[in-house]
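Enquirer:
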Amino acid sequence: MSKISIAIIGAGSRGLSLLERIVTLYPEYSPNQKMEIWLIDKNEAGFGVHLPNQPDYFLTNTVACQITLFGDDSVTAPGSIREGPNLYQWARDQGYKKSGQLYSRRPQGEEISPDDYLPRALLGEYLHSVYLRILHNLPPGITVNVIRGFAVQVSSFSNHTIKIKLDNDFKIKANYLFLATGHGENRSTEDDLSIQRFVSGNLHKNKLLRYIRRPYELRKYSHIAGGSNVMIGGMGLTTYDIIARLTVGCGGRFCDAGHRLIYHPSGDEPQIYIYSRQSLPAGSRGVNQKGVSGRYLAHFFTLDAIDRLRQRTAQGKIDFVADLLPLLIKEMCYVYSCVERGEWTQARDYQAGAAEREAINQLFYPHQGLTFSTLEEWRAWFKELLIKDIADAEKGNVDGALKAAADVIRDTRDILRYAINHGGLTPQSHRQFLSEFCPIFNRIAVGPPLRRNQELLALIESGVVALAGGPAARLVCRSESGHFALHTSFVQEESVTLADILIKARIATFSPASDSSRLYHNLLAEGVIRPYDNDGFPAGGIDIDRQHHVISRKKISQKNIYALGTPVEGPNYFTYVLPRPAVNSTALQEAALCVVDMYQNIRKHAGS
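Numbering-wise, this note's numbering puts 480 at position 373 of the sequence shown, and it's gapless, one number per residue.
1) For the alpha helix (DSSP H) holding A592, just list the boundary residues, first then last.
2) Considering just the uninterrupted stretch of the beta strand (DSSP E) at C584, what are its terminal residues?
3) Would the beta-carbon of G186 be found less than 8 Å away from any heavy atom of the ligand NAD?
4) Could you tell me if I494 is buried or exposed, where buried requires 16 or more neighbouring beta carbons within 10 angstroms of its beta carbon?
5) In the DSSP assignment, what are the bridge partners of N679?
6) Where G423 and L532 are concerned, what is the direct C-alpha to C-alpha distance, given to the nearest angstrom?
7) My assumption, with CB atoms under 8 Å, is that L557 sits in contact with R294. Please give the rounded CB distance.
8) Going by Cα to Cα distance, which pick from L523, G554 and V553 is closest to F540?
9) Assuming Y382 and L563 are in contact, meaning their beta carbons sit under 8 Å apart, how far apart are those beta carbons, in whole angstroms?
10) Indicate whether A513 and N504 have their beta-carbon atoms separated by less than 9 Å.
11) Taking DSSP's pairing of strands, which residues face E218 in a bridge?
12) Within 10 Å of its beta-carbon, does T183 have 16 or more other beta-carbons around it, so buried, or fewer, so exposed?
13) Is the distance from the Cβ of L387 to the Cβ of R212 below 9 Å?
14) What residue from S109, L132, R121 and I113 has the CA that sits closest to V703's CA?
15) According to DSSP, which residues form a beta bridge with Y318?
16) Leaving out the 5 sequence neighbours to the left and right, which residues in its chain are closer than 6 Å to Y683 when beta-carbon positions are compared?
17) Under 8 Å: do the region 275–285 and the region 253–262 share three or more Cβ pairs, one atom per stretch?
18) If you reduce the DSSP assignment to three classes, tell me which class Y669 lands in.
19) Look at the Cβ atom of I331, then the Cβ atom of P377, and state whether they are nearer than 9 Å.
20) Can you tell me whether H157 is buried or exposed? The criterion is at least 16 other CB atoms within 10 Å of its CB, across all chains shown.
21) The beta strand (DSSP E) that contains N252, what's its start and end?
22) Hey, how far is the Cα of G191 from the Cα of Y680?
23) Are the region 158–177 and the region 201–221 touching, with three or more C-beta to C-beta distances below 8 Å?
24) Whole angstroms are fine: how far does the CA of D496 sit from the CA of G390?
25) Quick check on the DSSP output: what are the complete beta strand (DSSP E) runs of length 3 or more inside the region 307–360, in order along the chain?
26) Taking the straight line between their C-alpha atoms, what separation do you get for I319 and K666?
27) Contact defined as beta carbons within less than 8 Å: I believe I188 pairs with D179. What is the distance between those atoms, to the nearest angstrom?
28) Relative to the C-alpha of D274, which candidate in V572, L626 and Y195 has its C-alpha closest?
29) State the beta-bridge partners of N641 as determined by DSSP.
30) Tell whether a beta-carbon distance below 9 Å holds between L671 and A287.
31) Within 10 Å of its beta-carbon, does E483 have 16 or more other beta-carbons around it, so buried, or fewer, so exposed?
32) For the alpha helix (DSSP H) containing H371, name the first residue and the last one.
33) Quick check: what's the CA-CA separation for L609 versus T420?
34) So which of R687, E135, P162 and V657 has the shortest CA-CA distance to V355?
35) How far does the beta strand (DSSP E) with Q552 in it extend, from its first residue to its last?
36) Compute the distance between the beta-carbons of G677 and I658, then report whether it is under 9 Å.
In structure tokens:
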């Protein structure tokens, strides 16, 4: 019997999950079929973007005990389970200890907590250890080849063969292909090109003038002079990384002073200004009181409720604002009310009152109805909001009413996926959900660790970080002086903040049409893939069916090509998450779904 060849493009967490399922299920599904696996990635297998040489101040955004790459009894997908440690257990067993905010292997030191937010470099080591563990006990009949490089072209042939070309002209023939490429880079937009032209044409007026379009090109930060003015566009998780690089990465340090932090500058920091479309702080993660797998179980925003809503419509598509949002808000109000009163009432009798509705509305729209006379007044209000958020987070995600309510969004994410995936929303509603509500959900439920906002407060109090402007600020390239200028209209003034350096801290969503990689350019050009489209709304990502088969330009589901993770953020919702133990993780389910489908196809072709 001929050997089956399988290629996985991308050897980060998604690629590893696929590799693990292929290897673990092999004795059960295809014991007599020899198999060759090609693992293709520019980096060493397992690390993905979590490289071991990145700074320790780049942190994971999930507590260590809630990150794993191994399945468990909660996972409903078919096939046997390979047990293994979560990130916390692995780090503890490897002898990592904590000293201040640093983690290293040492005999003495503070024990790591399950609820620590570990450095992403450590996460990379964990992922690589999973890869080595998989390879350590390969069943007879399987070989794994690791290719360091970029896949640049894929051609699909009718005889169940796929030809893959790498950037070094190495060629692979595979029977099955998995696209697990993770985050990519988009090509420069017209705005990017315009800003770059402004920089090139005005350097003679301001020798400090720079535009950093890719925030993780860290070598560019070494050229930022202390005392220069840096403006960061965006206030999400990427901004916290940039701030850490420009403060702690420049030799500054934080000291504990009771219940707050104090920042001691090194003198090499630039002056940092931050802004975004709303210029609101990202909400801190509440102190974890749910352990490894604790989750709130919804009463109103449920799968059954969504099924009932679908039955009322001709095409089965629903409207997020009209149909889903009221149920989600009622769920959040119920949690807020019960935690605030200290008593869990019967859900079937619950009707949201005015107080909890106002609390949730304030969570969504904290500056609704407010006016601000000056930039300084806006900055003072922002600081008070940040202080309140820190206090709410310290109460925890179970005992704190606001953070418990915000965590409902995270705990019901699978229900959101059930409602949204594969065109579940009307096109107009899908557009509104992505543009208006996704940013809100990210801000209040997927924010930074509490420590990060404590640091931000200390940096604001030290004067190293300041708000560049308020909501709806306008960026202007000022050619007369060679500066970036941020304008905000307040009641009593038009504020203007000047900067030498602009850093774009927004990570663009994936679109095959705008991605800069040769791989996706060629996949599109050859018709192997097509952009996902929800009845006229281009939601992003590449089109797939419910088994994750890639759909071609000719609308054909290609049964031997799969895609999962970030490349399918569009037909699927919120794909950029690591698996969590004991909660029937969607990421683990999807890997198993693809691999079992592949094995069933192998059996079918073997019998034909």
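We put the beta carbon where it would ideally sit given N, CA and C, even for glycine.
Expert: The answer reads as follows:
1) Counting from 1 along the sequence shown, the entry for residue 592 is found at position 485. Element bounds for A592: not the alpha helix (DSSP H) but the beta strand (DSSP E), H590 to S596.
2) Start at 1 with the first residue of the sequence shown, and residue 584 comes out as number 477. Run containing C584: R581 to R585, per the beta strand (DSSP E) assignment.
3) Only the bare structure without any ligand can be found here, which leaves the ligand NAD out of the picture.
4) The count along the sequence shown starts at 1 and reaches residue 494 at position 387. That one is exposed.
5) The sequence position of residue 679 within the sequence shown is 572, counting from 1. DSSP lists E676 as partners of N679.
6) The residue labelled residue 423 in the question sits at position 316 within the sequence shown. The residue labelled residue 532 in the question sits at position 425 within the sequence shown. G423 and L532: Cα-Cα distance of roughly 9 Å.
7) As a first step, residue 557 must be located in the sequence shown, where it is residue number 450. As a first step, residue 294 must be located in the sequence shown, where it is residue number 187. Wrong, their Cβ atoms sit about 37 Å apart, outside the cutoff.
8) In the sequence shown, the residue the question calls residue 540 occupies position 433. Of the candidates L523, G554 and V553, the one whose C-alpha sits nearest the C-alpha of F540 is L523.
9) Within the sequence shown, residue 382 is the residue found at index 275, counting from 1. Within the sequence shown, residue 563 is the residue found at index 456, counting from 1. Actually they do not touch by this definition, with Cβ atoms about 14 Å apart.
10) Taking the first residue of the sequence shown as 1, we reach residue 513 at position 406. Taking the first residue of the sequence shown as 1, we reach residue 504 at position 397. Yes, Cβ-Cβ distance for A513 and N504 is below 9 Å.
11) For the purposes of this step, residue 218 is identified with residue 111 of the sequence shown, where counting begins at 1. DSSP output for E218 lists K204 as bridge partner(s).
12) What you label residue 183 is simply residue 76 of the sequence shown in a count that begins at 1. Exposed, because fewer than 16 other Cβ atoms sit within 10 Å of the Cβ of T183.
13) Position 280 of the sequence shown holds residue 387. Position 105 of the sequence shown holds residue 212. No.
14) The residue given as residue 703 occupies position 596 in the sequence shown. Ranking S109, L132, R121 and I113 by Cα distance to V703 puts L132 first.
15) Reading the sequence shown from its first residue, position 211 is the one you call residue 318. BP columns for Y318 point to L609.
16) The sequence position of residue 683 within the sequence shown is 576, counting from 1. Answer for Y683: T673, listed in chain order.
17) yes
18) Here residue 669 refers to the residue found at position 562 of the sequence shown. In this structure, Y669 counts as strand in the three-state DSSP scheme.
19) Within the sequence shown, the letter at position 224 stands for residue 331. Within the sequence shown, the letter at position 270 stands for residue 377. It is a contact, given that the beta carbons lie within the stated cut-off.
20) Indexing the sequence shown from 1 puts residue 157 at position 50. It counts as buried.
21) One-based indexing of the sequence shown puts residue 252 at position 145. First-last of the beta strand (DSSP E) with N252: I249 to R255.
22) Sequence index remark: in the sequence shown, residue 191 carries index 84 (1-based). Sequence index remark: in the sequence shown, residue 680 carries index 573 (1-based). Distance between the alpha carbons of G191 and Y680 is about 27 Å.
23) yes
24) Taking the first residue of the sequence shown as position 1, residue 390 is located at position 283. Taking the first residue of the sequence shown as position 1, residue 496 is located at position 389. Answer to the nearest angstrom: the Cα atoms are 6 Å apart.
25) 317–319 and 336–340
26) As a first step, residue 319 must be located in the sequence shown, where it is residue number 212. As a first step, residue 666 must be located in the sequence shown, where it is residue number 559. One C-alpha to the other measures close to 41 Å.
27) What you label residue 188 is simply residue 81 of the sequence shown in a count that begins at 1. What you label residue 179 is simply residue 72 of the sequence shown in a count that begins at 1. Contact holds; Cβ gap of about 6 Å.
28) In the sequence shown, counting from the first residue as 1, residue 274 sits at position 167. Cα-wise, what sits closest to D274 is L626.
29) One-based indexing of the sequence shown puts residue 641 at position 534. Beta-bridge pairing links N641 to F644.
30) The residue given as residue 671 occupies position 564 in the sequence shown. The residue given as residue 287 occupies position 180 in the sequence shown. In this structure, A287 lies closer than 9 Å to L671 by Cβ.
31) As a working mapping, residue 483 is identified with position 376 in the sequence shown. So E483 ends up on the exposed side.
32) Against the sequence shown, residue 371 aligns to sequence position 264. Where H371 is concerned, there is no enclosing alpha helix (DSSP H), although the beta strand (DSSP E) it sits in stretches over R367 to H371.
33) As a position in the sequence shown, residue 609 is number 502, starting the count at 1. As a position in the sequence shown, residue 420 is number 313, starting the count at 1. When rounded, the distance between both Cα atoms is 47 Å.
34) Taking the sequence shown and counting its residues from 1, the one referred to as residue 355 is at position 248. Checking every option, the nearest Cα to that of V355 belongs to P162.
35) Here residue 552 refers to the residue found at position 445 when the sequence shown is read from its first residue. Residue identity check: residue 552 is Ala in the sequence provided, not Gln. Looking at the DSSP string, A552 is not in any beta strand (DSSP E); the run it does join, the alpha helix (DSSP H), is C545 to A552.
36) Here residue 677 is taken as the residue at index 570 of the sequence shown, counted from 1. Here residue 658 is taken as the residue at index 551 of the sequence shown, counted from 1. Contact flag unset, no.
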